[in-house]
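The next block holds one structure in the form of structure tokens; read it before the comments.
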Amino acid sequence: MRGQDYAVELSGISKRFPSGVVANDRVDCRALPGQIHAVLGENGAGKTTLMRILAGLSVPDEGSIRIGGAEVAFRSPRDAAAAGIAMVHQHFSLVPALTVADNLALGAREVGAVLSPRRWRRWLEGQAETLGFEIRLESPVWSLSMGERQRVEIFRALLRQARILILDEPTSILAPVEAQRLFDRLRELAAEGYVTFLVTHKIQHALGVADRVTILRRGRVVASETSSDLDSVEIAHLMVGRTSRLTSPPRVRHAASHEPVLEVEDLCVPPLVSPFGLKGVSLRLNAREIVGIAGISGHGQDELILGVVGQAPVVSGTVRQRLEGHGSAYVPEERLGVALVPGMSLADNLALRNFRRPGFSRGPFLKRARLLGAAREAIERFSIAPDDPGVPVEVLSGGNRQKAVLGRELEGRPRLILAQTPTAGLDVATVDLVLRELIAQSAAGAAVLVVSEDLDELLSLCHRIIVLYEGRAMGEFEASDENRGAISLAMSGLEDRREVSVGREAC
Numbered sequence: 014m015r016g017q018d019y020a021v022e023l024s025g026i027s028k029r030f031p032s033g034v035v036a037n038d039r040v041d042c043r044a045l046p047g048q049i050h051a052v053l054g055e056n057g058a059g060k061t062t063l064m065r066i067l068a069g070l071s072v073p074d075e076g077s078i079r080i081g082g083a084e085v086a087f088r089s090p091r092d093a094a095a096a097g098i099a100m101v102h103q104h105f106s107l108v109p110a111l112t113v114a115d116n117l118a119l120g121a122r123e124v125g126a127v128l129s130p131r132r133w134r135r136w137l138e139g140q141a142e143t144l145g146f147e148i149r150l151e152s153p154v155w156s157l158s159m160g161e162r163q164r165v166e167i168f169r170a171l172l173r174q175a176r177i178l179i180l181d182e183p184t185s186i187l188a189p190v191e192a193q194r195l196f197d198r199l200r201e202l203a204a205e206g207y208v209t210f211l212v213t214h215k216i217q218h219a220l221g222v223a224d225r226v227t228i229l230r231r232g233r234v235v236a237s238e239t240s241s242d243l244d245s246v247e248i249a250h251l252m253v254g255r256t257s258r259l260t261s262p263p264r265v266r267h268a269a270s271h272e273p274v275l276e277v278e279d280l281c282v283p284p285l286v287s288p289f290g291l292k293g294v295s296l297r298l299n300a301r302e303i304v305g306i307a308g309i310s311g312h313g314q315d316e317l318i319l320g321v322v323g324q325a326p327v328v329s330g331t332v333r334q335r336l337e338g339h340g341s342a343y344v345p346e347e348r349l350g351v352a353l354v355p356g357m358s359l360a361d362n363l364a365l366r367n368f369r370r371p372g373f374s375r376g377p378f379l380k381r382a383r384l385l386g387a388a389r390e391a392i393e394r395f396s397i398a399p400d401d402p403g404v405p406v407e408v409l410s411g412g413n414r415q416k417a418v419l420g421r422e423l424e425g426r427p428r429l430i431l432a433q434t435p436t437a438g439l440d441v442a443t444v445d446l447v448l449r450e451l452i453a454q455s456a457a458g459a460a461v462l463v464v465s466e467d468l469d470e471l472l473s474l475c476h477r478i479i480v481l482y483e484g485r486a487m488g489e490f491e492a493s494d495e496n497r498g499a500i501s502l503a504m505s506g507l508e509d510r511r512e513v514s515v516g517r518e519a520c
């Protein structure tokens, strides 16, 4: 294959950070026109750094980039955008309070000096029809599902004439139906000659949609093959560098008790994140039990968790927690900025629950040595990398941030654990660690409530699954029955199954 036949060529890319971490070590990665190219690897393997270099967000220490056979040097995202490259990040950059049309106007050259809302909407409607996108232009972004928000991000990239798309963990927040819709759209774009780099930890998604797969481990390429030449077992082995159990998810095997730990009755919470809020939901969670909350993102899951933890106004209903002298743990969806404090060290973030505990302070003074020792224990237990307690928490990869949150929250054997999308964006090894830890905590007596859009994960992890749709509980299912069809229907609001609570029209 001649160099000019490639749409994108990354050759000998190396990137080292001041901390001494080598993110990329002489990486080669190439894509043909109309190709979907998956980039796989464990968290911290260097895949996102490589794509940030292609997007102009980071400058390589060594190596070269060619677009359409011509060598380029990107010093900023503007340089990459001029070359037709756009990156859709794992955490979206849309402004929730603004409408979709207003978000698309931000930074758009077509707007001109003065924005005419009517003319702008007409232009957007024409572009959406031409590009084959269904976009709710007048809706505020906060009211959209995660799948809709992602489509807006991709639509914005295409409006800016991007022909090379980089999608960072695009399916980590999507329900199965939305993920399939994304894959269908990517195939349509590929047929029109667009190139898509898909950064993902989900092996089956990579095999299902990608034409080619490049696997990174510790900053180096360990394989780059057509997807038809690899299977999930080979990929898992290449990603972690050892024979492992990671191809089959851990499964809950212990029986739940009948001792209630959390009781929620007719809980109504006004819309905070979703457009629906929570409408009269009831549930009971017992010790030694894991209950999953399934549903398409934005259907009341956030309001349920925020109502339980006391961070949301409750219109009506009750929440009772029977902790009996034990604490609770909360693993929120947003890691950096909610679960972890940017600007603080890893050690200080791990110590946030210990400041007031006996043995960690004397009067108003902290026992820094004791706090540091506890941080080192958590780092070792959860294999957090880098293992330097003094490193700023924001330099950690997504998976290592999540391990830091778990290391802090699960210390001391909490009686109640609330976890929102605890494995979103994590590699297979870290997913395995997180799920096994939740199962172990439950087997030791904790009651665990897990919100996830990954149905396969919930079926292996949970005793029971409750489906939310438009803020109501659509049904309750025994996970051991593995009734995927009925659960998927309930997630789409198409069928009620063994209703667990009746959602009310008004709360």
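All residue numbers for the sequence shown refer to the numbering used here, where the first residue is 14 and numbers rise by one.
Each residue gets a CB set at the ideal place from its N, CA and C atoms; glycine is no exception.
Given the structure is predicted, the values throughout are model-derived calculations rather than measurements.
{"Query": "Secondary structure of Glu-75, DSSP reduced to three states", "Result": "strand"}
{"Query": "Cβ pair Ala-503, Gly-488 closer than 8 Å", "Result": "yes"}
{"Query": "Beta-carbon proximity check, Leu-472 vs Glu-450, cutoff 8 Å", "Result": "no"}
{"Query": "Run of the beta strand (DSSP E) containing Phe-87, from where it starts to where it stops", "Result": "No beta strand (DSSP E) holds Phe-87; DSSP gives it neither H nor E."}
{"Query": "Segment limits, beta strand (DSSP E) that includes Leu-157", "Result": "Leu-157 -> no beta strand (DSSP E), and no H or E assigned at all."}
{"Query": "Residue closest to Gly-57, alpha-carbon to alpha-carbon, out of Ala-36, Pro-46, Pro-73, Val-72", "Result": "Ala-36"}
{"Query": "Chain-order list of residues whose beta-carbon lies under 8 Å from that of Val-40 (same chain, five-residue window excluded)", "Result": "Leu-23, Gly-25, Ile-26, Ser-27, Gly-59, Leu-63, Gly-76, Leu-229, Gly-232, Arg-233, Val-234"}
{"Query": "4 or more residues per run - each alpha helix (DSSP H) lying fully within the stretch 429-504", "Result": "441-456, 468-474, 497-504"}
{"Query": "Close-in-space but distant-in-sequence residues of the same chain around Ile-13 (CB under 6 Å, 5 per side omitted)", "Result": "Shown here, the chain extends from 14 to 520; a query on residue 13 therefore has no answer."}
{"Query": "Extent of the continuous beta strand (DSSP E) to which Asn-299 belongs", "Result": "291-299"}
{"Query": "Of the listed residues Phe-168, Phe-196, Ala-223, nearest to His-50 (C-alpha basis)", "Result": "Ala-223"}
{"Query": "Below-8 Å beta-carbon distance, Leu-502 vs any chain D residue", "Result": "Included in the structure is just one protein chain, with no chain D present."}
{"Query": "Alpha carbon of Thr-436 to alpha carbon of Ser-129, nearest angstrom", "Result": "43 Å"}
{"Query": "Reference Ala-118, options Val-154, Pro-46, Asp-181, Arg-169, closest by Cα", "Result": "Arg-169"}
{"Query": "Reference Gln-415, options Gly-221, Ala-114, Gln-433, closest by Cα", "Result": "Gln-433"}
{"Query": "Contact under 8 Å by Cβ, Pro-262 with Ile-452", "Result": "no"}
{"Query": "Inter-residue Cα distance where the pair is Ala-342 and Pro-31", "Result": "34 Å"}
{"Query": "Local conformation of Gly-139 per DSSP, three classes", "Result": "helix"}
{"Query": "Cβ contact check for the stretch 136-151 and the stretch 66-86: 3 or more pairs under 8 Å", "Result": "no"}
{"Query": "Three-way DSSP call (helix, strand, coil) for Ala-121 in this model", "Result": "coil"}
{"Query": "Cβ pair count under 8 Å reaching 3, the stretch 275-285 against the stretch 313-329", "Result": "yes"}
{"Query": "Meets three-Cβ-pair contact criterion under 8 Å: the stretch 349-364 and the stretch 397-407", "Result": "yes"}
{"Query": "Pair within 8 Å by beta-carbon distance, Ile-318 and Leu-431", "Result": "yes"}
{"Query": "Spatially closest choice to Ser-158 from Pro-273, Ala-249, Glu-276, Phe-289, by CA coordinates", "Result": "Phe-289"}
{"Query": "Entirely enclosed alpha helix (DSSP H) segments - the stretch 40-67, minimum 4 residues", "Result": "60-67"}
{"Query": "Own chain residues within Cβ distance below 7 Å of Leu-202, not counting five before or after", "Result": "Thr-209"}
{"Query": "Nearest residue (CA-CA) to Asn-83, options Ala-96, Gly-386, Val-328", "Result": "For the record, residue 83 in the displayed sequence is Ala; it is not Asn. Considering only alpha carbons, the answer is Ala-96."}
{"Query": "Nearest-angstrom Cα separation, counted from Leu-448 out to Ala-269", "Result": "17 Å"}
{"Query": "Helix, strand or coil at Gly-305 according to DSSP, with G and I counted as helix", "Result": "strand"}
{"Query": "Met-100 in three-state terms, based on DSSP", "Result": "strand"}
{"Query": "CB of Arg-383 within 8 Å of CB of Arg-421, strictly", "Result": "no"}
{"Query": "Euclidean distance between Cα positions of Asn-413 and Ser-396", "Result": "8 Å"}
{"Query": "Residue nearest to Ile-66 in terms of C-alpha spacing, selected from Leu-53, Pro-46, Ala-93, Leu-45", "Result": "Ala-93"}
{"Query": "Start and end residues, beta strand (DSSP E) containing Gly-320", "Result": "Not the beta strand (DSSP E): Gly-320 falls in the alpha helix (DSSP H), residues 314-322."}
{"Query": "Distance, Val-274 Cα to Arg-301 Cα", "Result": "10 Å"}
{"Query": "Asp-197 (DSSP reduced to helix, strand or coil)", "Result": "helix"}
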